[in-house]
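Each number in the numbering used here corresponds to the 1-based position in the sequence shown with 20 added.
We put the CB at the ideal spot given by N, CA and C, even for glycine.
Contents: one structure, followed by commentary.
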Amino acid sequence: MARPNIRTVAGRAGVSTATVSRVLSGFEGVRENTRKKVISAIEELDYSVDSVARSLRQRKTYTIGLIVGNVLSQFYSTIAKSIEDTARDYGYKTILCNGDDDPVKEMEYLKILRSNKVDGIILTPTGLNRDFIKSTMNAGIQIVLLDRLVDGLDADAVLVDNYEGAYAATKYLLDRGYVRIAIINGFTDRTTGAERLRGYRSALRESGIAEEDALIKTGDFKKESGTRLTLELLAMEKPPDAVFVTNMDMTMGVLTALGVNKTAIPRDMAVLSFDDPEWSAIIEPPLTAVSQPVYRLGSTAAKKLIDRIENREEVPVNKPSITTLKTRLIIRRSV
């Protein structure tokens, strides 16, 4: 008869291997009834804890890495919180890295996480380190892409429907009678920027509104670029009557620039944001926004990664999956 291992114990107890590991290590976050099930399974199977612990040390670190675009952003801090919460529930620790949307920093952190033998990595990619990400996956480290895809990379991913969210936002502005609609967007070589621009363009095209290059502004998803690009729009001979901003950090920059220039919202210019942070509802006027399920975005990615790490049967082997979450348009008074 084959010698029982951690998977055997997990199967007998009806829990994950991570839960068995937490019980063996004395982790206090395990519910008492679950702990009793695991201990009972260990006793029934005459399982050797010492050999299991040694095996665990050799094969797993029970750590995952997280590389985000900007830790100062509320979007990414919420993502980090949800991933850390979910990972902890499964007995994993999370190492947070600020990639800063910089491919050089991203590469540095990928190398550090790989050398520290993390079991998996959740990554909001710049898209410029594909070959190294591939080699990391080939080395046995599971990777889940978050919020963005990488061309030519077959990896699991968790996204929101960026195209549909941007299309709905722009169409709402058009339906409210706005014609000169500017977009302040982020990097267009990344999924979020590219898909949000595509949604904006589709809505204009379907309404018979010609694109105007001067109304399409590209920043870096950070507040400062939102401020700078809004000032450029205000300096136009004929400024736009509405602006669609494709993330919350640039929206903060837009609102700062409009406030400094005493541009009334929405009388002088309507504002619609892709992102709905808590402050959207309490500023004056409250902000019309595309709401993303941000916490669920992170928790879904964490669960998908841990499922891969633990080789759960419901996860198809060698077949990456893309999970796309829906957005929702929240109507307030900035339009």
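Residue environment analysis places R42 among the buried positions, since at least 16 neighbouring C-beta atoms fall within 10 angstroms of its C-beta.
Between I59 and the set T83, G31, M270, the nearest pair of CA atoms involves G31.
The criterion of a C-beta distance shorter than 7 Å is satisfied by N267 and F294. The segment 340 to 354 makes contact with the segment 184 to 198, as at least three CB pairs between them are under 8 Å.
By DSSP's assignment, N118 forms a beta bridge with V88. The residue from Y315, K125, I141 with its alpha-carbon nearest to that of I329 is I141. Secondary structure note for G140: its beta strand (DSSP E) is the uninterrupted segment 140 to 143. The alpha-carbon separation between L317 and D171 amounts to approximately 21 Å. Taking the Cβ atoms as the reference, V178 lies roughly 11 Å from L169, outside the contact range of under 8 Å. As for any beta strand (DSSP E) of minimum length 3 sitting wholly inside the segment 263 to 325, the runs are 290 to 294, 308 to 311, ordered along the chain. Under the rule that a run must span 3 or more residues, the beta strand (DSSP E) segments found entirely inside the segment 153 to 231 read 162 to 166, 176 to 180, 201 to 205. Per DSSP, the unbroken alpha helix (DSSP H) holding T98 starts and ends at 94 to 109.
Around the CB of S319, 16 or more other CB atoms lie within 10 Å, so the residue is classed as buried.
No residue range can be given for K80, since it is assigned to no alpha helix (DSSP H) and is classified by DSSP as neither H nor E. Boundaries of the alpha helix (DSSP H) around L254: 243 to 254.
Within a 10 Å sphere around the beta-carbon of I285 sit 16 or more other beta-carbons, which makes this residue buried. Residue pairing by DSSP places I236 opposite I203 in a beta bridge. The Cβ-Cβ distance between L148 and P123 falls below 7 Å. The C-alpha of A290 lies about 6 Å from the C-alpha of V263. When DSSP states are grouped into helix, strand and coil, L345 belongs to the strand group.
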